[in-house]
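Each remark here refers to the structure printed beneath this line.
Number of protein chains: 2
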Amino acid sequence: MAPAFEQIPEDTETQTETPHSAPNTVNNDGQVDYKSRVTVVGSGNWGSVAAKLIASNTLKLYSFHDEVRMWVFEETLQSGEKLTDVINRINENVKYLPGIKLGKNVIADPDLENAVKDANMLVFVTPHQFMEGICKRLVGKVREDAEAISLIKGMEVKMEGPCMISTLISEHLGINCSVLMGANIANEIAVEKFSEATVGYRDKREIAEQWVRLFSTPYFLVTPVQDVEGVELCGTLKNVVAIAAGFVDGLDMGNNTKAAIMRIGLREMIAFSKLLFPSVRDSTFFESCGVADVITTCLGGRNRKVAEAFAKNGGKRSFDELEAEMLQGQKLQGVSTAREVYEVLSHRGWLELFPLFSTVHEICVGRLPPSAIVEHSEQKPKLPVF
Amino acid sequence: MAPAFEQIPEDTETQTETPHSAPNTVNNDGQVDYKSRVTVVGSGNWGSVAAKLIASNTLKLYSFHDEVRMWVFEETLQSGEKLTDVINRINENVKYLPGIKLGKNVIADPDLENAVKDANMLVFVTPHQFMEGICKRLVGKVREDAEAISLIKGMEVKMEGPCMISTLISEHLGINCSVLMGANIANEIAVEKFSEATVGYRDKREIAEQWVRLFSTPYFLVTPVQDVEGVELCGTLKNVVAIAAGFVDGLDMGNNTKAAIMRIGLREMIAFSKLLFPSVRDSTFFESCGVADVITTCLGGRNRKVAEAFAKNGGKRSFDELEAEMLQGQKLQGVSTAREVYEVLSHRGWLELFPLFSTVHEICVGRLPPSAIVEHSEQKPKLPVF
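Keeping their order, the protein sequence lines are chains W and C. First residue of the first sequence: 1, per full-length UniProt numbering; consecutive thereafter. First residue of the second sequence: 1, per full-length UniProt numbering; consecutive thereafter.
Next comes the structure, spelled out in structure tokens:
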């Protein structure tokens, strides 16, 4: 279904675009180029859906070159063919998004450096543990005037604080990096069900607007927010809340309890984000990346599902075991994020301020039973959220 | 399950209560009475659960008389017995909360005036359409120093603006009225599953704290907020959002879409409340009465359920018909609230500012198909919510 939203012009580029809105106008050869070139770094499930969204827009919008290059980690399929060859032949990522046409203008490229070298708009959408390696390989290889956006949920939370993926990209590559997060389950967007997303940007509004144009479709509504850290932390921390919600489901405690736990989780997300980054805005949590993503992730999603199974088994089967059984090798973001958040909290002496976050981790590692999610996670608020 | 929350003292009245914290100390006979007397006006499903919560606390807390009087609209049961007689004999509301003991100190009273005459704490929890009649009957019959609290979700939204139930009570009876709202499904609280609630109060913090003490149990966590209108509007408007969520479920549109619609609904709740009452606080919407109640109501609840059936039938069977079939005579709050909100919006020229609220009404009355909930309800925000 593709409702006609008045506010999203489908083919009115002359009204909405002006040359200055493009991030830059000179390419590596010194030639003036008013059009932006987009490369998607990553080709998993969400990366493929992102490429599809983008490719439908670059065809329509004047300020983008049609071609969307997609870096694909090369694999040989059971048929003996290479994944990139199949994608380029039938315009479909048969391994990670089967049955969905990406668009003929999506070009799969197994060579990372080649894929990025001409692009001035870089979309990063790989598993977060690969990002540090990718960034190191890309030092000095991307255009100086390139703009990046990270769709990667999850981050490195270290003792001294979280290292945001957008910061990692910015620092390694010396370019500005925005983020796109939101209540978006890739497979639902792939079949064009309505959903929303939030672009978090640092200071340049015109860059944010260019990203919004690149991603928006009638069924995918993107809103820009000047709050990179807030948006990115939403995308990460919500997985911890989803683990808590899964415990409540597994204990069969009902909707009241689940709603209470989700609300407490949202408040801890806000408080944690604001303690780490005082610039984080309250209003960000009412965007798609905030409350809506918490809802989506706590209703569906693999973090919730495996946590439910964990609680049903009374914590007697480990997350590793359940993951292996239920997720065919995928890892749960929520369990590792809960551990990382716990490290930050304990390092800073904040454990008592975040009973839900800390209890999720203690349940995950077996120090507390799943039922502790209710017993421990609610206390009278000690933090002024507003 | 009754987790031990550190912050809710169960039997430490000497630490937490002082005589001045009681709303008043002189009864109708002119005698000093440091203890408050509580009457619950209403005895339906939620009223009975409220009486149970309260009765467990009045037994424990020094500042309340043990007895909790409950006004019961008298009915003759199939057995030929009167409902009040059965409640007083077996401490159970066999009609509206079967299987749950209310406590021996709950006294059912079929005489409204008698039930309220000695009470200085009045808990109103009737269907909202009865409140005007009840208020008229009680003029001059309640103690002048009484404090009221309304648990009634739903209100009269008239052309000139909404008439809040708390206002109705205050104006008719000349007493202060707080509200208690939240993500609480009566039957889940009855079996002592963990949930939360929010007390909205006008100015007297010590009154709010007395209400919090009266309702709080280890499984029912109550937080006071100085924002009567915000809390009360949350309780009402969330039912309109639940209708929208039900449409999405009926159209089988997935979790992304549902989360997006819930988020947009929450934003319209905030915007509507703040336009009507500029004193309404953003933070109220992060309390149990806000985001948590929206979640609970959109996950379960009868508004969602009937709206789902309505959409599944493509709007061809009316809400009246589906209500009659599915709810055994209960009425949907959401459909009538949507109509009342629509009247306010159209009277004030705000229809375009609230696409979700107005679309819900137009779908309910058959002017738009259920699928319009997505096509019409999202527009670029025109209202600054913060």
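Note that CB positions come from ideal geometry on N, CA and C, so glycine has one too. Nothing here was measured: the structure is a model prediction, and the numbers come from that model.
Contact set between leucine 266/W and chain C, taken where Cβ atoms lie within less than 8 angstroms: Translated into positions along the first sequence, residue 266/W becomes position 266. In chain order: Phe286, Val291.
Contacts around valine 291/W, its chain only, beta-carbon distance under 8 angstroms, and the 5 residues preceding and following it disregarded: Stepping through the first sequence from its first residue, residue 291/W is reached at position 291. For valine 291/W, where only same-chain residues beyond five positions count, the Cβ hits under 8 angstroms are Leu266, Phe285.
Boundaries (first-last residue) of the beta strand (DSSP E) holding histidine 65/C: Here residue 65/C is taken as the residue at index 65 of the second sequence, counted from 1. Its beta strand (DSSP E) spans residues 64 to 71.
Of the listed residues Leu112/C, Val123/C, Glu209/C, nearest to lysine 141/C (C-alpha basis): For the purposes of this step, residue 141/C is taken as the residue at position 141 of the second sequence. Closest option to lysine 141/C, Cα to Cα, is Leu112/C.
Cβ neighbours of aspartate 66/C in the same chain (closer than 6 angstroms, five flanking residues each side left out): Your numbering for residue 66/C matches position 66 in the second sequence. Exclusion of the five residues before and after aspartate 66/C leaves Thr58, Leu59, Asn105 as the residues of its chain whose Cβ lies within less than 6 angstroms of its Cβ.
Beta-carbon proximity check, cysteine 298/W vs lysine 331/W, cutoff 9 angstroms: As a position in the first sequence, residue 298/W is number 298, starting the count at 1. As a position in the first sequence, residue 331/W is number 331, starting the count at 1. Contact annotation: cysteine 298/W and lysine 331/W have beta-carbon atoms that are not nearer than 9 angstroms.
Outcome for isoleucine 90/W when other beta-carbon atoms lying within 10 angstroms are tallied against a minimum of 16: As a position in the first sequence, residue 90/W is number 90, starting the count at 1. Exposed is the call here.
Neighbour-count burial assignment, glutamine 210/C, 16 or more Cβ in a 10 Å radius: Here residue 210/C refers to the residue found at position 210 of the second sequence. Answer is buried; the Cβ neighbour count reaches 16.
Any chain W beta carbon closer than 9 angstroms to lysine 274/C: The residue given as residue 274/C occupies position 274 in the second sequence. It does not; no Cβ of chain W falls within 9 angstroms.
Nearest-angstrom Cβ-Cβ length linking valine 40/W and valine 125/W, presumed shorter than 8 angstroms: By one-based count along the first sequence, residue 40/W stands at place 40. By one-based count along the first sequence, residue 125/W stands at place 125. The C-beta distance from valine 40/W to valine 125/W rounds to 6 angstroms, short enough to meet the 8 angstroms contact threshold.
Distance between beta carbons of valine 116/W and proline 138/W, contact taken as under 8 angstroms: Counted from its first residue, the first sequence places residue 138/W at position 138. Counted from its first residue, the first sequence places residue 116/W at position 116. Sequence check: residue 138/W is leucine here, not proline. So it is a contact: roughly 6 angstroms between Cβ atoms.
Alpha-carbon spacing of isoleucine 185/W relative to lysine 52/W, whole angstroms: Here residue 185/W refers to the residue found at position 185 of the first sequence. Here residue 52/W refers to the residue found at position 52 of the first sequence. Isoleucine 185/W and lysine 52/W have their alpha carbons spaced roughly 14 angstroms apart.
Proximity winner among Leu102/W, Ala324/W, Val231/W, relative to aspartate 293/W (alpha-carbon distances): Here residue 293/W refers to the residue found at position 293 of the first sequence. Nearest C-alpha to aspartate 293/W: Val231/W.
Three-state secondary structure (DSSP) of proline 23/C: To locate residue 23/C, count along the second sequence from 1; it is residue 23. The predicted position of proline 23/C is uncertain, since its pLDDT is 47 and thus under 50; no value can be drawn from it.
Burial state of proline 23/W (16 or more Cβ within 10 Å): One-based indexing of the first sequence puts residue 23/W at position 23. Reliability of the predicted coordinates at proline 23/W is poor, the pLDDT of 47 falling under 50, and the value obtained from them is presented with this limitation in mind. Residue burial is scored here from C-beta neighbours: proline 23/W has at least 16 other C-beta atoms within 10 angstroms and is therefore classed as buried.
Own chain, CB closer than 6 angstroms to phenylalanine 277/W, minus 5 neighbours either side, in chain order: Taking the first sequence and counting its residues from 1, one reaches residue 277/W at position 277. Residues of the same chain with a CB within less than 6 angstroms of the CB of phenylalanine 277/W, apart from the 5 flanking positions on each side, are Glu229 in chain order.
Members of the stretch 228 to 244 of chain W that neighbour chain C once the beta carbon cut-off is set at 9 angstroms: Hits within the stretch: zero.
Under 7 angstroms by beta carbon: chain W residues contacting lysine 193/C: Sequence index remark: in the second sequence, residue 193/C carries index 193 (1-based). What lysine 193/C touches in chain W: Met253, Gly254, Asn256, Thr257.
CB of alanine 190/W within 9 angstroms of CB of serine 318/W, strictly: Here residue 190/W is taken as the residue at index 190 of the first sequence, counted from 1. Here residue 318/W is taken as the residue at index 318 of the first sequence, counted from 1. No; because the gap between Cβ atoms is not below 9 angstroms, this pair is not in contact.
Neighbour list for valine 360/C in chain W, Cβ cutoff strictly below 9 angstroms: Along the second sequence, one-based indexing puts residue 360/C at 360. Going along chain W, no residue has its Cβ under 9 angstroms from valine 360/C, so there is no contact; the nearest lies around 16 angstroms.
Inter-residue spacing [alpha-carbon to alpha-carbon] between serine 273/W and phenylalanine 354/W: For this step, residue 273/W is matched to residue 273 along the first sequence. For this step, residue 354/W is matched to residue 354 along the first sequence. Roughly 12 angstroms separates the two Cα atoms.
With 16 other Cβ atoms within 10 Å as the buried cut-off, status of leucine 322/C: One-based indexing of the second sequence puts residue 322/C at position 322. Buried, because 16 or more other Cβ atoms sit within 10 Å of the Cβ of leucine 322/C.
Nearest residue (CA-CA) to leucine 221/C, options Leu368/C, Glu74/C, Glu192/C, Arg205/C: In the second sequence, the residue the question calls residue 221/C occupies position 221. If we check each option's Cα against that of leucine 221/C, Glu192/C comes out closest.
Partner residues on chain W for isoleucine 189/C, Cβ-Cβ distance less than 9 angstroms: As a position in the second sequence, residue 189/C is number 189, starting the count at 1. Taking the beta carbon of isoleucine 189/C as reference, the chain W residues within 9 angstroms of it are Asn256, listed in sequence order.
Top-ranked residue by Cα proximity to asparagine 93/W, from Glu132/W, Ala50/W, Ser43/W: For the purposes of this step, residue 93/W is taken as the residue at position 93 of the first sequence. If you compare the alpha carbons of Glu132/W, Ala50/W, Ser43/W with that of asparagine 93/W, the shortest gap goes to Ser43/W.
Contacts of residue 388/C in chain W (Cβ-Cβ under 9 angstroms): Here chain C covers residues 1 to 386 and nothing more, so residue 388/C does not appear.
Between the CA atoms of serine 336/W and methionine 181/W - distance to the nearest angstrom: Residue 181/W sits at position 181 when you count from the first residue of the first sequence. Residue 336/W sits at position 336 when you count from the first residue of the first sequence. C-alpha separation (whole angstroms): 19 angstroms.
Neighbour flag for glycine 246/W against chain C, beta carbons, 9 angstroms: Counting from 1 along the first sequence, the entry for residue 246/W is found at position 246. At a cut-off of 9 angstroms between C-beta atoms, glycine 246/W does not count as an interface residue with respect to chain C.
Every unbroken alpha helix (DSSP H) within the stretch 82 to 161 of chain W, with a cutoff of 4 residues, ordered by chain: Segments of the alpha helix (DSSP H) lying fully in the stretch 82 to 161 of chain W: 83 to 90, 112 to 116, 131 to 138.
Chain-ordered chain W contacts of glycine 300/C [CB-CB under 7 angstroms]: The residue you call residue 300/C lines up with position 300 of the second sequence. By Cβ distance, chain W contributes Asn255.
Residue-chain proximity (proline 370/W, chain C), Cβ-Cβ < 9 angstroms: Taking the first residue of the first sequence as position 1, residue 370/W is located at position 370. Taking CB atoms only, proline 370/W has no neighbour in chain C less than 9 angstroms away.
Leucine 327/C beta carbon less than 9 angstroms from that of valine 306/C: The residue you call residue 306/C lines up with position 306 of the second sequence. The residue you call residue 327/C lines up with position 327 of the second sequence. Yes.
Within chain C, the residues that asparagine 184/W reaches when beta carbons sit closer than 8 angstroms: One-based indexing of the first sequence puts residue 184/W at position 184. Ordered by position in chain C, the residues that pass the 8 angstroms Cβ test against asparagine 184/W are Asn256.
Selection from Ala324/C, Asp282/C, Val72/C, Met262/C that minimises the alpha carbon distance to isoleucine 270/C: Counted from its first residue, the second sequence places residue 270/C at position 270. Asp282/C is the residue among Ala324/C, Asp282/C, Val72/C, Met262/C whose C-alpha sits nearest the C-alpha of isoleucine 270/C.
Proximity of glutamate 308/C and aspartate 249/C at Cβ, strictly below 9 angstroms: Taking the second sequence and counting its residues from 1, the one referred to as residue 308/C is at position 308. Taking the second sequence and counting its residues from 1, the one referred to as residue 249/C is at position 249. Contact: yes.
Same chain, Cβ closer than 8 angstroms to proline 370/W, neighbours up to 5 away in sequence not counted: As a position in the first sequence, residue 370/W is number 370, starting the count at 1. Taking proline 370/W as the centre and dropping the five residues before and after it, the same chain places the C-beta of Phe247, Gly250, Leu251, Phe310, Ala311, Gly314, Gly315, Ile363 closer than 8 angstroms to its C-beta, in chain order.
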